[in-house]
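Numbering (the UniProt record's numbering), first residue to last: 1 to 490.
Contents: one structure, followed by commentary.
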């Protein structure tokens, strides 16, 4: 206590210890010109209204962007290849297996020399030609086909520079991609059907140039901000594909007999010539209108591609379809709400049926899967018909299992329903199961009434397994967990 008093006494003896510093008083200053100190400075960074504006070199700007991206890359090309050697080996192995299957299938198809096989083999390239044309036009209309990323749309497309140097490469890339994919697909299918090399080359050129012409015309329509004409032409291509495959079904079933017309050999070359003319004309017209492409339409296609890439890396076909459905719903703008029916799990079944009626596009896939066994029978691939048919139906049923995918992977949403997991999944598979049963009935004539039903059974487990999410490795593989013993140990 004494030390504390002495210390307080010493502090109190200092001069000014009891006096506290008064805070400064703020007084408003008279308002003045804040730029008065810079009155004599010459601001020469803004061009005068009468001075000529220097043109921007788009090529230099594009090279600057590429240099900026490469300078911030974290890996070299060699490192990327070394990290993906497993994927490269897998692609090589699967490619070798696919080539082996194509060679064996071509030999099997060529050995079938009956009238039904010859007529069916004649109709396969026709159906694929119209189907690839419809697919190319549909994808080009959905994605753009000319597109740009969100960053490019914000920094480059909104800047006072010309868009043509940036979009020209995108246009040529879309045309080249359409040509390559269509030509390779046609060559593979025609090769499986057992066509000779000259016919395969002719139909591949026809499909490639027709697809590139469709993409070029879709780009021209994109510059005009219209899609009605593309929808009409797409419907015509789809009708041609349905007609060709329908004739194939009639030939395979023995209901029709067709004789090849005299102009059958010249048809693919005529289609190739029309495709070249359409490609050149539409591409040049679209190239002249590159400055008229709307930036919002360009960036929307780029965002759609980036979203589908993430789903594609996970092989999530259901998520890819959900992204496309969301895009279509945004374009539509609004829908009319419908009231549900039923109680219990029946309400989930009814909602699934309402969803299918609102977006009936998956029914087209199921209808196309019906043609798979008949097409195999028509070209003499009876041994591969069950596997190819089950694969086609599996891919067709995946879009109908959207609700199953969402409730299986969103456990919090599933727990809001007063049902068990088994009841929810069973209810959500009722509508796809009915479609699979109808498919089995429709393809029964192609398999003498036996194999068709088994094909419908084979497709259900993989179709339901795909959207249900990855398996739980921590759960028991088979059987059930042993019950806990309640008796006391001796």
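Where a beta carbon is used, it is the ideal one built from N, C-alpha and C, also for glycine.
Query                                                                                                                   : Result
Residue 129 beta carbon less than 8 Å from that of residue 245                                                          : no
Contact between the segment 232-241 and the segment 158-173 (3+ Cβ pairs under 8 Å)                                     : no
Closest Cα partner of residue 323 within the set 280, 80, 396 and 308                                                   : 308
Cβ pair residue 182, residue 207 closer than 8 Å                                                                        : yes
Close-in-space but distant-in-sequence residues of the same chain around residue 127 (CB under 7 Å, 5 per side omitted) : 241, 244, 245 and 248
Alpha-carbon to alpha-carbon, residue 124 and residue 287                                                               : 35 Å
Enclosing alpha helix (DSSP H) for residue 402 [first to last residue]                                                  : 402-409
Unbroken alpha helix (DSSP H) run spanning residue 435, endpoints                                                       : 430-442
Spatially closest choice to residue 164 from 61, 407, 200 and 353, by CA coordinates                                    : 61
Spatially closest choice to residue 351 from 80, 429 and 280, by CA coordinates                                         : 429
Residue 166 - containing alpha helix (DSSP H), residue span                                                             : 164-192
DSSP three-state assignment for residue 336, whether helix, strand or coil                                              : coil
Where residue 217 falls, given that 16 or more other Cβ within 10 Å makes a residue buried                              : buried
Contact set for residue 342: own chain, Cβ-Cβ below 8 Å, skip 5 residues either direction                               : 349 and 350
Whole-number beta carbon distance between residue 298 and residue 153, since they are thought to touch under 8 Å        : 6 Å
Exposure label - residue 399; buried when at least 16 CB within 10 Å                                                    : buried
Residue 404 vs residue 425 beta-carbon contact at 8 Å                                                                   : yes
Option in 325, 345, 354 and 142 with minimal Cα separation from residue 337                                             : 354
Residue 384 in three-state terms, based on DSSP                                                                         : coil
Residues near residue 258 in its chain [Cβ-Cβ closer than 8 Å; skip 5 each side]                                        : 119, 122, 123, 247 and 251
Buried versus exposed, by CB contacts within 10 Å (16 or more), residue 79                                              : exposed
Supposed contact pair residue 219 and residue 145 - C-beta distance, whole angstroms, cut 8 Å                           : 5 Å
Three-state secondary structure assigned by DSSP to residue 70                                                          : helix
Inter-residue spacing [alpha-carbon to alpha-carbon] between residue 339 and residue 402                                : 20 Å
Run of the alpha helix (DSSP H) containing residue 221, from where it starts to where it stops                          : 197-223
Alpha helix (DSSP H) segment containing residue 279, residue limits                                                     : 267-288
Supposed contact pair residue 275 and residue 213 - C-beta distance, whole angstroms, cut 8 Å                           : 5 Å
Residue closest to residue 184, alpha-carbon to alpha-carbon, out of 202, 173 and 172                                   : 202
Close Cβ partners of residue 423 (< 7 Å) along its chain, the five nearest in sequence each way excluded                : 345
Outcome for residue 162 when other beta-carbon atoms lying within 10 angstroms are tallied against a minimum of 16      : exposed
Neighbourhood of residue 451 by C-beta, 6 Å cutoff - its chain only, sequence neighbours within 5 removed               : Confidence at residue 451 is low in this model, with a pLDDT of 42, below 50, so its placement is unreliable and no value can be given for it.
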